[in-house]
Amino acid sequence: MTKKKKMLIAALLIFAVLTNAIIALGFSGMETREKIILCVLTDISVLILVFNKEVIFGIADNVVHDRGLILSLAKNDFKTRYAGSYFGIIWAFIQPVIMVLVYWFALDIGLRSGRTMSYPFILWLMAGLVPWFFFSEALGSGTNALMEYSYLVKKVVFKIDILPIVKVTSAIFIHLFFVAFIVLFQCFYGYYPDLYTIQLIYYIICMYAFVLGISYFTSAAVIFFRDLNQIIAIILQVGIWATPIMWNIKDLMPRLDNIMKFNPVYYVVSGFRDSLLVKTWFWERPVWTAVFWTTVILLYVFGYKVFQKLKVHFADVL
């Protein structure tokens, strides 16, 4: 075992011990059951990382050493996606805006869904749709990363591990624009940026990590099972209603709310609303945060390992 790996294991174990101590001694308002769950989730996450050190080093190698190439390819991918069309990248912004307006008109004006809220329904709706747009776009692009860049996959010297990162990074450009747009849009309603708005950076990182973990698996699997694209499309159609984004589950079905918290997208959607409207910090929901990151770590380790195992066959199948 190399010195770096030993240092990594030691750092992870120290982190687990310190975190457990903080949980046990702090969080005075938390129930004992919640403290136990939080400690167990923390220890599980650390053990997963300890026994999958190669995944961590793979992440570091992909992001740190190839960051210039990743950013360059992501920018080029974003530009070429709308090349040849008359309005160019404007289409990337028109479709989400139209969707927001349609949902707002149907739910707020037509069904009067937001009449019981203490803030404008359009703001609540946009805070949920913006992260969902990024998730759906990044997942679709990440899934097809290897097929779209098949000419690079067939090159022996090219590091294909970075292709899912390229596609997810390309999708985040539009997402950052809409995050800035919704912050400015809220100013028209008197909801001005504050310290909680900075928390959006954390939730953007959350969604990026989550969708990247899934994309490593789906991008590898879709090469051998092409119907996966249609399955993902159906899941996204159902997911936008099941997350929930269009309706407030806490008011309509409070008992189901705890079950829905196992959906990682719901964590990010609620986080956007907490940052922009509710004004709640993510550490005020420690158990939910631990569940989210444990899920992300599991997905990333599983997806990355599947990707590594199957990549020797990519060039032959493509």
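In the working numbering, the protein residues as written are 124 to 441. All C-beta atoms, glycine included, are put in the ideal place defined by N, C-alpha and C. If you're wondering where the values come from, they're calculated on a predicted model, not measured in any experiment.
| Check | Outcome |
| --- | --- |
| Exposure of Tyr389, with buried meaning 16 or more beta-carbon neighbours within 10 Å | buried |
| Proximity below 8 Å, CB of Gly426 to CB of Ile337 | yes |
| Beta-carbon spacing of Tyr442, Val391 below 8 Å | This structure cannot settle anything about residue 442, because the visible part of the chain is limited to 124 through 441. |
| Alpha helix (DSSP H) runs contained entirely in the region 173-200, provided each spans 4 or more residues | 176-183 |
| With 16 other Cβ atoms within 10 Å as the buried cut-off, status of Lys290 | buried |
| Nearest candidate by alpha-carbon position, reference Val334, set Ile167, Thr155, Asn386, Asn175 | Asn386 |
| The region 197-206 / the region 254-262 touching (three or more Cβ pairs under 8 Å) | no |
| Inside the region 293-361 only - beta strand (DSSP E) runs reaching at least 3 residues | none |
| Cβ-based neighbour list, Tyr242, same chain, cut-off 6 Å, excluding 5 preceding and 5 following | Leu400 |
| Cβ pair count under 8 Å reaching 3, the region 248-257 against the region 364-375 | yes |
| Beta-carbon spacing of Ala413, Val276 below 8 Å | no |
| Same chain, Cβ closer than 8 Å to Lys384, five either side skipped, listed in chain order | Tyr390, Trp411, Val414 |
| Reference Tyr314, options Lys402, Leu422, Thr155, closest by Cα | Lys402 |
| Spatial neighbours of Leu196 in its chain, beta-carbon cut-off 6 Å, leaving aside the 5 residues before and after | Val289 |
| Endpoints, the alpha helix (DSSP H) within which Phe258 is located | 244-266 |
| Alpha carbon of Cys310 to alpha carbon of Phe304, nearest angstrom | 10 Å |
| Cutoff 6 Å; reference Phe430; Cβ partners in own chain excluding five residues on either side | Tyr339, Ala343 |
| Contacting residues, own chain, Cβ-Cβ under 7 Å from Leu433 (five flanking each side not counted) | Ala343 |
| Ser168 beta carbon less than 8 Å from that of Thr417 | yes |
| Residue range of the unbroken alpha helix (DSSP H) whose run includes Val280 | Premise fails: Val280 is in no alpha helix (DSSP H) and is neither H nor E. |
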